[in-house]
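Student:
Residue numbers (the UniProt record's numbering): 1 to 134.
Here is the structure:
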């Protein structure tokens, strides 16, 4: 596994195990979308509550209509997620304008991504960019 943003020496020095998977010629774009939708709609929380005897569908999550998910990185997966978003008529924000044209992301939206939450449609939920670790 190789990732240029991970300091492997620092991770090892602090006893942090770094895991990952080998690179693939067909990155898991569908899984990325599943995670985005799961976060926005609270699927994991709803599933856990139901399994613990809670009520069915106590929340409905965030409405994604007209929203713009933010993407960090336009490598193999990020660029294909952006392309899939375009095909589904969803717009995307990116953190890196240099790859916008190649991936189909909106270069005009790039600057706005840096100042606000990465997933504005999920900003009120746990574990989002403006409330990490909650």
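Where a beta carbon is used, it is the ideal one built from N, C-alpha and C, also for glycine.
Just the Cα atoms here: how many angstroms apart are residue 82 and residue 35?
Tutor: Approximately 15 angstroms between the Cα atoms of the pair.
Student: Within 10 angstroms of its Cβ, does residue 126 collect 16 or more other Cβ (buried), or is it exposed?
Tutor: In this prediction, residue 126 has a pLDDT of 43, which is less than 50 and means its spatial position is unreliable; nothing more can be read from the coordinates.
Student: Take residue 78 and list the residues in its own chain whose beta-carbon comes closer than 7 angstroms to its own, dropping the five residues that flank it on each side.
Tutor: 71, listed in sequence order.
Student: State buried or exposed for residue 10, treating a residue as buried only when at least 16 other CB atoms are found within 10 Å of its CB.
Tutor: Exposed is the call here.
Student: Quick test of the definition: if touching needs 3 or more C-beta pairs under 8 angstroms, does the stretch 49 to 58 touch the stretch 3 to 17?
Tutor: No, the stretch 49 to 58 is not in contact with the stretch 3 to 17.
Student: Report all residues from its chain with a CB closer than 7 angstroms to the CB of residue 75; omit the five preceding and five following residues, and keep chain order.
Tutor: Here the set comprises nothing.
Student: Terminal residues of the continuous alpha helix (DSSP H) containing residue 4?
Tutor: Here residue 4 belongs to no alpha helix (DSSP H), and DSSP marks it neither H nor E.
Student: Can you tell me which of the three DSSP states residue 38 falls into?
Tutor: Residue state, collapsed to three classes: helix.
Student: Using only the alpha-carbon positions, how far apart do residue 110 and residue 16 sit?
Tutor: Annotation note: pLDDT 43 at residue 110 (below 50); position unreliable, coordinate value reported separately. Using only the alpha carbons, I get a separation of about 32 angstroms.
Student: Within a Cβ cutoff of 7 angstroms, which residues of the same chain sit near residue 38, ignoring the five residues on either side of it in sequence?
Tutor: Counting only Cβ-Cβ distances below 7 angstroms, and skipping sequence neighbours, we find 44.
Student: Let me confirm a value: residue 20 is counted as buried when at least 16 other C-beta atoms fall within 10 Å, else exposed. Which label applies?
Tutor: That one is exposed.
Student: In whole angstroms, what is the alpha-carbon distance linking residue 48 and residue 64?
Tutor: Cα to Cα, residue 48 sits roughly 22 angstroms from residue 64.
Student: Between residue 73 and residue 40, which are expected to be in contact by the criterion C-beta below 8 angstroms, what is the C-beta distance as a whole number of angstroms?
Tutor: 20 angstroms between Cβ atoms; not a contact.
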